[in-house]
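What follows is one structure encoded as structure tokens, with my remarks underneath.
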Amino acid sequence: MKNFGILVLLAVLLTVGACSQPLPSTSPLKKVTLQAEDFDGDGQIVTREGAAQGRNVVHLYGGDSIHKDFSIPKEATKLWVSVRYSNDNWSASTETIVVKTSSKLVGLLMSWSTGSGGDGWYSFFESRALGPVKIEGSKDTLAISIVGGDGYGIEIDSATLYFY
Ligand SMILES: [Ca+2]
Ligand SMILES: [Ca+2]
Numbered sequence: 166m167k168n169f170g171i172l173v174l175l176a177v178l179l180t181v182g183a184c185s186q187p188l189p190s191t192s193p194l195k196k197v198t199l200q201a202e203d204f205d206g207d208g209q210i211v212t213r214e215g216a217a218q219g220r221n222v223v224h225l226y227g228g229d230s231i232h233k234d235f236s237i238p239k240e241a242t243k244l245w246v247s248v249r250y251s252n253d254n255w256s257a258s259t260e261t262i263v264v265k266t267s268s269k270l271v272g273l274l275m276s277w278s279t280g281s282g283g284d285g286w287y288s289f290f291e292s293r294a295l296g297p298v299k300i301e302g303s304k305d306t307l308a309i310s311i312v313g314g315d316g317y318g319i320e321i322d323s324a325t326l327y328f329y
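In structure tokens, the structure reads:
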């Protein structure tokens, strides 16, 4: 069953990779950074020196998920999302970060190891922007889930939403 899960993940990764696009070079209609510590769901809030945006992070393990409602600006039709994280990692297996709206997959990220032996928790990395997904209405929910990893988890600092 474990191998089956990995195969499904790989298939999704390939599919997402095929339809993802880099952020447009033009400025977004709006850019909003949500602090992971303000999300609901799993995980424990930890204070970290390197967390430049709010100083708190959420420690998540494989299988954990957090979510937060966000407002959609008028005239926005597409959304990209980047994630800021630190990942102290001791093995070659790093956590996969899955980003979704309530109805759509924004994208998947294979996280980097940002260090080991405890130092990695103080070194942060901002991911590339995942997306786009179509958005409509005035509100939606952003969910961040963690799959797999080294068993010691990952820490999410924030998610930045780029509305176009
Ligand atoms: Ca880890
Ligand atoms: Ca934070």
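In our numbering, the protein residues as written are 166 to 329. Beta carbons: idealized from backbone N, C-alpha and C, even for Gly.
Would you say residue i touches ligand 1, meaning its beta carbon is less than 8 Å from a heavy atom?
{"i": "T335", "result": "Here the chain covers residues 166 to 329 and nothing more, so residue 335 does not appear."}
{"i": "D322", "result": "no"}
{"i": "D284", "result": "no"}
{"i": "G314", "result": "yes"}
{"i": "I319", "result": "yes"}
If I measure Cβ to Cβ from residue i and keep anything under 7 Å in the same chain, skipping five residues before and after, which residues do I get?
{"i": "W139", "result": "For the chain, the structure presents residues 166 to 329; residue 139 sits outside this window and is missing."}
{"i": "G121", "result": "The chain is shown only over 166 to 329; residue 121 falls outside these bounds and no answer can be derived."}
{"i": "E291", "result": "S247 and R249"}
{"i": "I210", "result": "E202, N221 and V223"}
CB-CB under 6 Å to residue i, same chain, minus the five flanking residues each way: which ones, in chain order?
{"i": "A216", "result": "V222 and D322"}
{"i": "V197", "result": "L326"}
Closer than 8 Å: is that where the CB of residue i sits relative to any heavy atom of ligand 2?
{"i": "N252", "result": "no"}
Tell me whether residue i, by its Cβ, gets closer than 8 Å to a heavy atom of ligand 4.
{"i": "E202", "result": "Ligand 4 is not part of this structure, which contains only ligand 1 and ligand 2."}
Among the residues of its own chain, which have a CB less than 8 Å from the CB of residue i, if the five just before and after it don't count?
{"i": "L199", "result": "K233, F235, L307, S323, A324, T325 and L326"}
{"i": "S288", "result": "G215, S251, T279 and G280"}
query = Taking contact to mean at least 3 C-beta pairs separated by less than 8 Å, is the stretch 188-205 in contact with the stretch 224-234?
reply = With a cut-off of 8 Å, the stretch 224-234 and the stretch 188-205 count as touching, because enough Cβ pairs lie within range.
query = Of all the beta strand (DSSP E) runs that stay within the bounds of the stretch 194-264, which reach a length of 3 or more residues?
reply = 195-200, 209-212, 221-225, 230-236 and 243-251
inquiry  = In chain order, what are the residue ranges of uninterrupted beta strand (DSSP E) at least 3 long that sit wholly in the stretch 256-310?
reply    = 261-265, 270-275 and 295-299
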